[in-house]
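Report on one structure; see the data block that follows.
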Amino acid sequence: MEPPIAGPRLPISTPVFEGPLELLLALAEREEVDIFKVSLARITDAYLVEIAQREVQDPEEMAEFLWMAARLLLLKSIRLLPGEQPTDEETELLGWEEDVRQRLEEYRAYKAMAHDLMTRAEQEVFAFPPAARPVEAGGQEEPLDVDVLVAAFNSVLARIPPRPVVITGRTWTLEEKLDAITLRLRKGPIELLELILESVDRLEAVVTFVAVLELVRRSAITIRQKERFGPIHIEARAA
Amino acid sequence: MTNLSAQVEAILFSSNRPLKVRELQQATDSGRDEVEHALDELRSVLDGRGVMVMRHHDELHLATRPEYAAAVRRALRPEVSGKLSPAAYETLAIVAYNQPVPRSRVEEVRGVNCESVLTNLELRDLITEVGRGSGPGQPKLYGTTMRFLQVLGLESLDHLPAPGSGA
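Protein sequence lines, in the order shown, are assigned to chains W and D.
Residues 80 to 318 (my numbering) are what the first sequence spells out, left to right.
Residues 29 to 195 (my numbering) are what the second sequence spells out, left to right.
What follows is the structure in structure tokens.
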């Protein structure tokens with residue numbers, strides 16, 4: 080049996096493909112296969128090589144990659160046996176291929192638009208609105224009131240969806256989080272929202288927030304908010 | 029410049045939040061057509077100046093022109109928010125060009141679950157719920173925000189780059 084022929088792996092800094100569509104598109108571009116002219120089956124081997132090397136993170140996601148692999152193999156097998164009257168299943172499969180092609184074409188178009196937006200955003204095109212005026216009630220001046228912080232946290236927490244009950248993931252201890260945050264802050268300030276949104280579930284979000292409060296208490300960090308409703312940044316306090 | 033468009037300019041200049049056309053009507057005691065006309069006039073007067081009238085659907089705001097963003101940044105040193113991931117830009121593009129759009133449509137295009145990336149964009153105030161669909165479960169419909177225009181330095185949604193123009 081011949082080993083599958085496939086080009087080199089995608090570049091070392093392999094991007095994480097979020098789904099089969101994104102991977103198919105990247106492969107078609109790498110292999111220079113015009114997926115709109117030739118069969119998708121042409122990239123089957125490359126696809127198999129890629130998913131064989133993938134680390135299984137989320138079983139559901141992996142299932143989607145495997146499902147696509149199965150369809151590709153089936154497609155390839157019927158392409159290898161030309162001339163036969165196609166069975167119903169094969170006809171359906173060819174319809175599926177057309178459908179995937181159309182989706183890839185649409186996806187590619189949006190990727191291009193996303194790229195335009197990203198390029199634009201990176202060109203320093205921000206349009207600044209008038210600055211917030213001081214109001215009589217008094218904004219949150221430094222140092223930031225912890226109550227306000229808690230209120231802000233609650234509103235963020237409410238928007239992190241609860242996880243399904245089946246949880247086998249790790250739990251964080253406060254000490255671990257303290258270390259993790261301290262380590263992160265060595266690289267520079269972080270936006271609080273960003274830090275909290277990295278949590279995989281509410282429990283982790285809570286531990287993260289408690290850790291931030293603890294670091295404030297220990298005077299290890301400072302919290303800044305330049306303007307009302309603006310981003311809240313945390314920063315290591317110079318020793 | 030008419031008195032009304034000068035009034036509108038003054039109001040927009042002094043407001044630190046976007047204002048609806050209706051609010052401008054009330055403040056100036058004028059009709060919708062008059063305010064719209066005054067806005068058109070203001071827009072042409074501001075052509076070539078450092079600020080512009082930014083419009084998102086029915087909301088208006090003054091904002092600095094994107095060409096001068098670098099200078100403003102040097103002067104004010106505003107805090108910068110974290111960068112968006114490519115996945116976030118893809119999602120943002122799908123929302124921007126299809127709004128109002130339900131999550132299912134975004135996921136259909138990207139072929140993956142987009143719940144968390146949509147939540148993230150919503151928290152960053154780049155997209156927001158703009159209504160409910162009529163389908164089963166009345167799904168949330170997403171649209172862009174004024175903040176989206178600011179981040180991309182767009183005068184209005186009509187100024188979005190035409191699909192495929194840059195590629």
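We put the CB at the ideal spot given by N, CA and C, even for glycine.
Because the structure is a prediction, the values reported are computed rather than measured.
C-beta neighbour in chain D for residue i, strict 8 Å
i, result
"residue 310 of chain W", "yes"
"residue 195 of chain W", "yes"
"residue 210 of chain W", "yes"
"residue 174 of chain W", "no"
"residue 155 of chain W", "no"
"residue 238 of chain W", "yes"
"residue 141 of chain W", "no"
"residue 165 of chain W", "no"
"residue 205 of chain W", "yes"
"residue 263 of chain W", "no"
"residue 60 of chain W", "Given that chain W is displayed from residue 80 to residue 318, the structure contains no residue 60 of chain W and the question cannot be resolved."
"residue 100 of chain W", "yes"
"residue 200 of chain W", "yes"
"residue 291 of chain W", "no"
Minimum Cβ-Cβ distance from residue i to chain W less than 8 Å
i, result
"residue 114 of chain D", "yes"
"residue 155 of chain D", "no"
"residue 118 of chain D", "yes"
"residue 178 of chain D", "yes"
"residue 132 of chain D", "no"
"residue 121 of chain D", "yes"
"residue 78 of chain D", "no"
"residue 72 of chain D", "no"
"residue 55 of chain D", "no"
Burial state of residue i, where buried means 16 or more other Cβ atoms lie within 10 Å
i, result
"residue 267 of chain W", "exposed"
"residue 50 of chain D", "exposed"
"residue 26 of chain D", "In the structure as shown, chain D begins at 29 and stops at 195. Residue 26 of chain D is therefore absent and cannot be evaluated."
"residue 138 of chain W", "exposed"
"residue 173 of chain D", "buried"
"residue 156 of chain W", "exposed"
"residue 304 of chain W", "buried"
"residue 37 of chain D", "buried"
"residue 35 of chain W", "Given that chain W is displayed from residue 80 to residue 318, the structure contains no residue 35 of chain W and the question cannot be resolved."
"residue 171 of chain D", "buried"
"residue 60 of chain D", "exposed"
"residue 187 of chain D", "exposed"
"residue 101 of chain W", "buried"
"residue 83 of chain D", "buried"
"residue 77 of chain D", "exposed"
"residue 165 of chain D", "exposed"
"residue 148 of chain D", "buried"
"residue 178 of chain D", "buried"
"residue 29 of chain D", "exposed"
Backbone secondary structure at residue i - three-state DSSP
i, result
"residue 304 of chain W", "strand"
"residue 94 of chain D", "helix"
"residue 182 of chain D", "coil"
"residue 141 of chain W", "helix"
"residue 81 of chain D", "strand"
"residue 275 of chain W", "helix"
"residue 155 of chain W", "helix"
"residue 155 of chain D", "strand"
"residue 101 of chain W", "helix"
"residue 114 of chain D", "helix"
"residue 166 of chain W", "coil"
"residue 129 of chain W", "helix"
"residue 171 of chain D", "strand"
"residue 182 of chain W", "helix"
"residue 160 of chain D", "strand"
"residue 122 of chain W", "helix"
"residue 314 of chain W", "strand"
"residue 64 of chain D", "helix"
"residue 227 of chain W", "helix"
"residue 246 of chain W", "For residue 246 of chain W, the predicted structure reports a pLDDT of 49, less than 50, and the residue's modelled location is therefore unreliable. A value from the coordinates is still provided. It is coil, neither helix nor strand."
"residue 39 of chain D", "helix"
beta-carbon residue i near the ligand GDP non-hydrogen atom, thresh 7 Å
i, result
"residue 128 of chain W", "Here there are no bound small molecules, and the ligand GDP is not part of this structure."
Within chain C, the residues that residue i reaches when beta carbons sit closer than 7 Å
i, result
"residue 109 of chain D", "Of the chains in the structure shown, none is chain C; the protein chains are W and D."
- Return the residues of the stretch 116-133 of chain W that lie within a Cβ-Cβ distance of less than 8 Å from chain D, sorted by chain order. If the cut-off is 8 Å between Cβ atoms, the stretch 116-133 of chain W has nothing near chain D.
- Task: Closer than 7 Å, Cβ to Cβ, to anything on chain D: give me those residues from the stretch 268-279 of chain W, in chain order.
- Result: 270, 272, 273, 276
- Query: Counting pairs of Cβ atoms below 8 Å between the stretch 269-278 of chain W and the stretch 302-317 of chain W, do you hit three or more?
  - Reply: yes
- Task: Evaluate the contact criterion for the stretch 193-205 of chain W versus the stretch 159-168 of chain D: three or more CB pairs, one atom per stretch, below 8 Å.
- Result: With the rule of 3 Cβ pairs closer than 8 Å, the stretch 193-205 of chain W does not count as touching the stretch 159-168 of chain D.
- Message: Pairs of beta-carbons, one from the stretch 41-58 of chain D and one from the stretch 86-96 of chain D, closer than 8 Å: are there three or more?
- Response: yes
- Contact set between the stretch 57-70 of chain D and chain W, restricted to residues whose Cβ is under 9 Å from the partner: Going along the stretch 57-70 of chain D in chain order, one finds no residue with a Cβ nearer than 9 Å to chain W.
- Message: Quick test of the definition: if touching needs 3 or more C-beta pairs under 8 Å, does the stretch 223-237 of chain W touch the stretch 286-305 of chain W?
- Response: yes
- Taking one C-beta from the stretch 171-182 of chain W and one from the stretch 55-74 of chain D each time, how about it: are there three or more such pairs within less than 8 Å? Counting Cβ pairs under 8 Å, fewer than three are found: no touch.
- Query: Using a Cβ cut-off of 7 Å, which residues of the stretch 149-173 of chain D contact any Cβ in chain W, in chain order?
  - Reply: 151
- Closer than 9 Å, Cβ to any Cβ of chain W: which residues of the stretch 36-51 of chain D, in chain order? 40, 41, 42, 43, 44, 45, 46
- How do the stretch 182-192 of chain W and the stretch 129-141 of chain D stand: do at least 3 beta-carbon pairs fall below 8 Å, yes or no? yes
- What residues from the stretch 79-93 of chain D come within 8 Å of chain W, judged by C-beta to C-beta, listed N to C? 80, 82, 89, 90, 91, 92, 93
- Message: Please identify, using Cβ separations under 7 Å, the residues of the stretch 180-192 of chain D that lie next to chain W, in order along the chain.
- Response: 180, 181, 189, 191, 192
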